[in-house]
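See structure below.
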Amino acid sequence: MYAIIDFGGRQYKVEEGQSLLTEKINGVEPGTDYEFDRVILVKNDSEAKVGKPYVEGAKVVAEVVEHGKDRKLKIIKFKGRKQYRKVKGHRQQYTEVKIKKIDM
Numbered sequence: 000m001y002a003i004i005d006f007g008g009r010q011y012k013v014e015e016g017q018s019l020l021t022e023k024i025n026g027v028e029p030g031t032d033y034e035f036d037r038v039i040l041v042k043n044d045s046e047a048k049v050g051k052p053y054v055e056g057a058k059v060v061a062e063v064v065e066h067g068k069d070r071k072l073k074i075i076k077f078k079g080r081k082q083y084r085k086v087k088g089h090r091q092q093y094t095e096v097k098i099k100k101i102d103m
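Here numbering that gives the first Met the number 0 is used: the first residue of the sequence shown is 0, the next is one more, and so on.
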């Protein structure tokens, strides 16, 4: 059984027991449950439900494992023959969740 959820402007295919890195979820402490209610598709062995745009009554329950920061990315701006160089770094914050249950 799997589901496709919409969260943070992205779509994720999730299964029970799977770990997932998403955008940071503010206001949720590690160890608590979080409910994704914007479910686009739910499929089990015998049937599939597709939403218009979301499946009515479907939800995905996940446990928040941790919050963290991704590796550093360097942003470099450069213009030739103008002596212009600019270097900037960025570390994206994320939340790791573990999928506990998919409800149709």
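Heads up, the beta-carbon is just placed ideally off N, CA and C, and yes, glycines get one too.
Classify residue i as helix, strand or coil using the three-state DSSP reduction.
i: Ala-61; result: strand
i: Lys-85; result: strand
i: Arg-90; result: coil
i: Gly-4; result: Per the sequence shown, the amino acid found at residue 4 is Ile instead of Gly. Of the three classes helix, strand and coil, the one that applies to Ile-4 here is strand, per DSSP.
i: Arg-37; result: coil
i: Tyr-53; result: coil
Out of curiosity, what's the CA-to-CA distance linking residue i and residue j?
i: Lys-58; j: Met-103; result: 7 Å
i: Gly-50; j: Gly-56; result: 10 Å
i: Ala-61; j: Lys-78; result: 47 Å
i: Ala-47; j: Met-0; result: 10 Å
i: Val-27; j: Ser-18; result: 17 Å
i: Gly-133; j: Asn-43; result: The chain is shown from 0 up to 103; residue 133 falls before or after that span and cannot be answered.
i: Arg-90; j: Lys-97; result: 22 Å
i: Glu-15; j: Asn-25; result: 23 Å
Looking only at its own chain, which residues have a Cβ that is under 6 Å from the Cβ of residue i, when we skip the five neighbours before and after it?
i: Ala-2; result: Val-13, Val-38, Val-41, Val-59 and Ile-101
i: Ile-74; result: Lys-87
Rounded to the nearest angstrom, how far is the Cβ of residue i from that of residue j, given a contact under 8 Å?
i: Thr-31; j: Val-63; result: 6 Å
i: His-66; j: Lys-99; result: Incorrect: roughly 18 Å between the Cβ atoms, too far for contact.
i: Lys-76; j: Lys-85; result: 4 Å
What residues in its chain sit with their C-beta under 7 Å from that of residue i, if we drop five residues either side in the sequence?
i: Tyr-53; result: Arg-37, Val-38 and Ile-39
Within its chain, find whatever has a CB closer than 8 Å to the CB of residue i; leave out the 5 residues flanking it on each side and keep chain order.
i: Tyr-93; result: Leu-20, Thr-21, Glu-22, Lys-23, His-66, Gly-67, Lys-68 and Asp-69
i: Ile-4; result: Gln-10, Tyr-11, Val-13, Phe-35, Arg-37, Val-38, Ile-39 and Val-59
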